[in-house]
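Notes for the one structure printed next.
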Amino acid sequence: MEQNEILKVNGLTVDFATEQGTVHAVRDISFAVREGEILGVVGESGSGKSVSMYSVMGLLADNGTVTAEKIEFDGQSINASDYDGKRSYEKTMQSVRGNTMSMIFQDPMTFLNPTITIGKQLTEPILNHTKLTKGQARARAVELMTLVGIPSPETRLDQYPFEFSGGMRQRIIIAMALAMSPKLIIADEPTTALDVTIQAQVLDLIKELSKKMGSAVIMITHDLGVVASLCDRINIMYGGKIVETGTDKEIFYTPNHPYTKGLLACIKNPEENDKDLVPIPGSPPDLLKPPAGCPFVDRCESAMKICKLKMPPETVFSDTHKSACWLNDARAEKGVNAHAR
Amino acid sequence: MPANIVKDEVVLKVDHLKTYFDATKGLFAKKQTVKAVDDVSFEIYKGETFGLVGESGCGKSTLGRTIVKIYEPTAGSIEINGRDIAGIKGDELKSFRKDIQYIFQDPYASLDPRMTVGEIIKEPMKIHGIYKTEEEMDARVSQLLRTVGLKPDHIRRYPHEFSGGQRQRISIARTLALDPKFIICDEPISALDVSIQAQIINLLEQIQRELDISYLFIAHDLSMVKHISHRIAVMYLGQIVELGESHEVYTNPMHPYSQALLSAVPVPDPVKGKEKERIMLQGELPSPIDPPSGCPFRTRCPYAMERCAGERPQMKMYGSRQVACFKVEEENS
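Sequence order for the protein chains is L and V.
So for the first sequence, numbering that gives the first Met the number 0 puts the first residue at 0; every next one is plus one.
So for the second sequence, numbering that gives the first Met the number 0 puts the first residue at 0; every next one is plus one.
This is the structure in structure tokens:
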């Protein structure tokens with residue numbers, strides 16, 4: 000593990016057993032998160048962006064199987080295969096989850112229990128992970144509510160989730176995630192359910208708090224605008240693979256992978272003059288039968304014969320910028336279009 | 000951006016439209032009303048896309064639904080091709096519905112899972128009895144499927160066999176079945192993935208160019224609305240606060256709420272996106288049951304004056320722009 004890496008994942012694969020067969024949701028991905036950085040994970044629904052993070056936290060549904068060479072968090076292995084038996088793994092995860100690693104979920108209304116007061120829900124992680132008394136935990140909860148900008152926290156603590164607006168609920172979720180000053184926060188589309196003005200407030204809050212507490216953030220999203228205004232580094236996922244990774248500037252200014260380029264061509268920048276939208280034709284691959292080669296091959300304009308047969312190797316452009324595409328390989332037969340039949 | 004708007008041909012004219020809902024809790028409780036749409040007026044021309052933006056709860060969907068009369072208007076008029084439909088009912092309403100169609104947000108919920116694609120697209124044709132034989136209908140369905148980029152042999156398949164983007168194409172084919180003059184698109188792309196959104200937007204534009212249809216495009220994704228719309232209206236708490244050419248409103252918003260709303264849009268550029276100055280709004284959206292007196296935005300407006308609480312600002316013209324704000328009024332007088 001490099002010195003300042005807080006999370007290191009190697010060769011992560013996630014399969015789901017379903018009635019239709021095995022869904023290969025994440026296929027052999029590796030990535031790392033450094034202390035204090037904000038990493039964006041971008042992809043369409045079904046690209047494996049949420050599933051890969053849920054599997055790191057050990058939060059997958061029962062039909063999911065996780066295999067990995069290595070999942071290391073804060074110097075400690077949290078790879079289930081390094082534990083003998085489910086119980087010892089779960090015990091470790093329980094001490095990690097909500098403590099040093101926490102999660103902000105997408106929909107604040109389904110995450111919060113409607114029948115329990117905000118105060119009780121907010122003090123729960125504090126009471127679980129520390130030896131504080133109820134009174135001390137409550138004081139900490141008030142502190143957290145103030146931190147995330149909720150006015151009159153003392154009275155608000157005794158209210159129920161329905162008495163809060165969507166933006167306020169999301170602030171409470173963030174307060175819960177921050178309760179133990181975690182080293183890593185995984186935020187799964189934290190602003191998708193919110194309006195733009197509220198989204199701007201919540202994003203600023205996440206940015207400010209991660210700076211203040213030195214927490215690293217993994218931001219799962221499909222919104223490239225959100226990624227650009229928040230993240231230091233970006234992983235682009237497609238069909239269960241990380242197809243490109245780079246700093247924010249590398250991804251937006253010198254994208255390499257045809258999928259990244261395609262994504263950037265089909266979004267609008269409201270500050271720029273009008274350009275034509277260039278959609279990516281077709282739809283994502285069926286992960287029941289993932290393609291043997293590049294997952295993007297069926298939608299790629301520059302697809303070659305080799306793309307259908309073999310997964311492209313990673314090409315390294317800089318310490319931070321890597322992309323998996325055959326076009327970068329000198330051996331590939333360029334200009335032979337695989338779609339021309 | 001689609002061209003050929005016919006400015007002297009008004010397809011839809013909404014005048015002082017109000018939609019109120021009763022929100023009284025309990026039998027003897029004090030009567031309460033939600034003013035979901037409160038005195039809204041605008042016109043849409045032939046071949047034009049009119050964007051309607053605003054945050055959740057501002058009444059934009061209620062307005063769309065009132066225009067197709069899913070909700071009954073409380074007051075005001077809705078003129079389609081010069082005829083007021085606000086008060087009509089029964090068969091007369093049915094014949095007008097042919098001209099106005101509606102694309103819903105969620106293509107998973109708006110298509111009946113037990114009907115084939117053919118049955119879904121034929122349903123409006125049958126209701127309005129526009130074709131006599133099954134063959135004529137089949138021919139029309141095949142043609143429509145080609146128009147929206149699907150294959151004619153998809154006709155016997157069921158919705159679950161299609162992806163989200165394809166389902167939205169099916170619902171677009173259904174709205175086109177009756178040759179409408181006007182389509183209300185209520186967040187038609189927000190349930191779709193980014194790469195698929197652009198496909199649907201381009202399809203809607205292509206259909207508009209070919210058939211001269213007008214759209215009322217309701218959305219909260221401001222960048223896409225700017226791309227597709229000729230003019231846009233910004234709604235806040237049941238009222239339109241600013242209306243103008245979409246490019247002008249985006250580059251130079253005049254109403255303080257439009258300014259805050261547009262400054263909050265994340266920019267997909269790592270340098271500009273991180274530097275962008277945002278106008279942070281204080282407080283929360285007031286309840287439409289008990290809206291503020293005077294200007295609806297005054298409780299969160301950084302420029303609120305005494306006058307804003309006393310009376311409600313009216314829409315005034317500034318060049319091609321209409322804005323309802325006393326501050327703008329004072330600055331331009």
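Even glycine gets a Cβ: it sits at the ideal position worked out from N, Cα and C.
Residue i - DSSP class collapsed to helix/strand/coil
{"i": "residue 14 of chain V", "result": "strand"}
{"i": "residue 336 of chain V", "result": "Residue 336 of chain V falls outside the range modelled here, since chain V spans only 0 to 332, and no answer is possible."}
{"i": "residue 54 of chain V", "result": "coil"}
{"i": "residue 184 of chain V", "result": "strand"}
{"i": "residue 21 of chain V", "result": "strand"}
{"i": "residue 321 of chain V", "result": "strand"}
{"i": "residue 101 of chain L", "result": "strand"}
{"i": "residue 213 of chain V", "result": "strand"}
{"i": "residue 144 of chain V", "result": "helix"}
{"i": "residue 147 of chain L", "result": "coil"}
{"i": "residue 229 of chain L", "result": "helix"}
{"i": "residue 154 of chain V", "result": "helix"}
{"i": "residue 307 of chain L", "result": "helix"}
{"i": "residue 193 of chain L", "result": "coil"}
{"i": "residue 325 of chain L", "result": "helix"}
{"i": "residue 300 of chain L", "result": "coil"}
{"i": "residue 114 of chain L", "result": "coil"}
{"i": "residue 330 of chain L", "result": "coil"}
{"i": "residue 225 of chain V", "result": "helix"}
{"i": "residue 76 of chain V", "result": "strand"}
{"i": "residue 31 of chain V", "result": "coil"}
{"i": "residue 263 of chain V", "result": "coil"}
{"i": "residue 108 of chain L", "result": "helix"}
{"i": "residue 4 of chain V", "result": "coil"}
{"i": "residue 69 of chain V", "result": "coil"}
{"i": "residue 61 of chain V", "result": "helix"}
{"i": "residue 235 of chain V", "result": "strand"}
{"i": "residue 247 of chain L", "result": "helix"}
Residue i versus residue j - alpha carbon distance
{"i": "residue 143 of chain L", "j": "residue 64 of chain L", "result": "36 Å"}
{"i": "residue 88 of chain L", "j": "residue 321 of chain L", "result": "33 Å"}
{"i": "residue 134 of chain L", "j": "residue 177 of chain L", "result": "19 Å"}
{"i": "residue 21 of chain L", "j": "residue 278 of chain L", "result": "30 Å"}
{"i": "residue 315 of chain L", "j": "residue 192 of chain L", "result": "36 Å"}
{"i": "residue 249 of chain L", "j": "residue 133 of chain V", "result": "57 Å"}
{"i": "residue 45 of chain L", "j": "residue 16 of chain L", "result": "15 Å"}
{"i": "residue 341 of chain L", "j": "residue 276 of chain L", "result": "Chain L is shown from 0 up to 340; residue 341 of chain L falls before or after that span and cannot be answered."}
{"i": "residue 1 of chain V", "j": "residue 101 of chain L", "result": "With a pLDDT of only 47 at residue 1 of chain V, under 50, the local geometry of the prediction cannot be trusted, and no value is derived from it."}
{"i": "residue 144 of chain V", "j": "residue 208 of chain V", "result": "17 Å"}
{"i": "residue 181 of chain V", "j": "residue 290 of chain L", "result": "43 Å"}
{"i": "residue 137 of chain V", "j": "residue 131 of chain V", "result": "11 Å"}
{"i": "residue 305 of chain L", "j": "residue 295 of chain L", "result": "13 Å"}
{"i": "residue 0 of chain L", "j": "residue 266 of chain L", "result": "Because the pLDDT of residue 0 of chain L is 48, which lies under 50, any placement of that residue in the model is unreliable, and the number read from its coordinates should be weighed accordingly. Taking the straight line from one Cα to the other gives about 37 Å."}
{"i": "residue 21 of chain V", "j": "residue 326 of chain V", "result": "33 Å"}
{"i": "residue 79 of chain V", "j": "residue 92 of chain V", "result": "11 Å"}
{"i": "residue 253 of chain V", "j": "residue 317 of chain L", "result": "45 Å"}
{"i": "residue 106 of chain L", "j": "residue 222 of chain L", "result": "16 Å"}
{"i": "residue 67 of chain V", "j": "residue 270 of chain L", "result": "34 Å"}
{"i": "residue 70 of chain L", "j": "residue 11 of chain L", "result": "8 Å"}
{"i": "residue 297 of chain V", "j": "residue 10 of chain V", "result": "34 Å"}
{"i": "residue 26 of chain V", "j": "residue 62 of chain V", "result": "28 Å"}
{"i": "residue 181 of chain L", "j": "residue 125 of chain L", "result": "12 Å"}
{"i": "residue 187 of chain L", "j": "residue 219 of chain L", "result": "5 Å"}
Supposed contact pair residue j and residue i - C-beta distance, whole angstroms, cut 8 Å
{"i": "residue 232 of chain L", "j": "residue 36 of chain L", "result": "6 Å"}
{"i": "residue 184 of chain V", "j": "residue 255 of chain V", "result": "Wrong, their Cβ atoms sit about 28 Å apart, outside the cutoff."}
{"i": "residue 164 of chain L", "j": "residue 283 of chain V", "result": "5 Å"}
{"i": "residue 102 of chain V", "j": "residue 187 of chain V", "result": "5 Å"}
- Query: Pairing CB atoms from the region 149 to 167 of chain V with CB atoms from the region 109 to 125 of chain V, are three or more of them under 8 Å?
  - Reply: yes
- Task: Could you say if the region 162 to 178 of chain V and the region 87 to 102 of chain V meet the contact criterion of at least three C-beta pairs nearer than 8 Å?
- Result: yes
- Message: Suppose only complete runs of 4+ residues qualify. What are the alpha helix (DSSP H) ranges in the region 10 to 96 of chain L, listed by chain order?
- Response: 48 to 56 and 85 to 95
- Three or more beta-carbon pairs under 8 Å between the region 251 to 259 of chain L and the region 75 to 82 of chain L, yes or no? no
- Item | Every unbroken beta strand (DSSP E) within the region 88 to 142 of chain V, with a cutoff of 3 residues, ordered by chain | 99 to 102
- Runs of beta strand (DSSP E) lying entirely within the region 276 to 326 of chain V, each at least 3 residues, in chain order: 315 to 317 and 320 to 322
- Message: With three or more beta-carbon pairs closer than 8 Å as the criterion, would you say the region 6 to 15 of chain L touches the region 219 to 227 of chain L?
- Response: no
- Item | Given 8 Å, three or more beta-carbon pairs between the region 321 to 330 of chain V and the region 235 to 247 of chain V | yes
- Evaluate the contact criterion for the region 40 to 55 of chain V versus the region 98 to 112 of chain V: three or more CB pairs, one atom per stretch, below 8 Å. no
- Message: So, does the region 74 to 93 of chain V touch the region 6 to 17 of chain V, judging by three or more C-beta pairs under 8 Å?
- Response: yes
- Task: Would you be able to state if there are at least three C-beta pairs under 8 Å between the region 194 to 201 of chain L and the region 156 to 174 of chain L?
- Result: yes
- Name the residues in the region 205 to 220 of chain V whose C-beta lies less than 9 Å from a C-beta of chain C; which are they? In summary, chain C is missing from the structure at hand, where the protein chains are L and V.
- Query: Does the region 52 to 69 of chain L come close enough to the region 94 to 112 of chain L that 3 or more CB-CB pairs lie under 8 Å?
  - Reply: yes
- Query: Counting Cβ pairs, one atom from each stretch, are 3 or more of them under 8 Å apart for the region 33 to 42 of chain V and the region 277 to 297 of chain V?
  - Reply: yes
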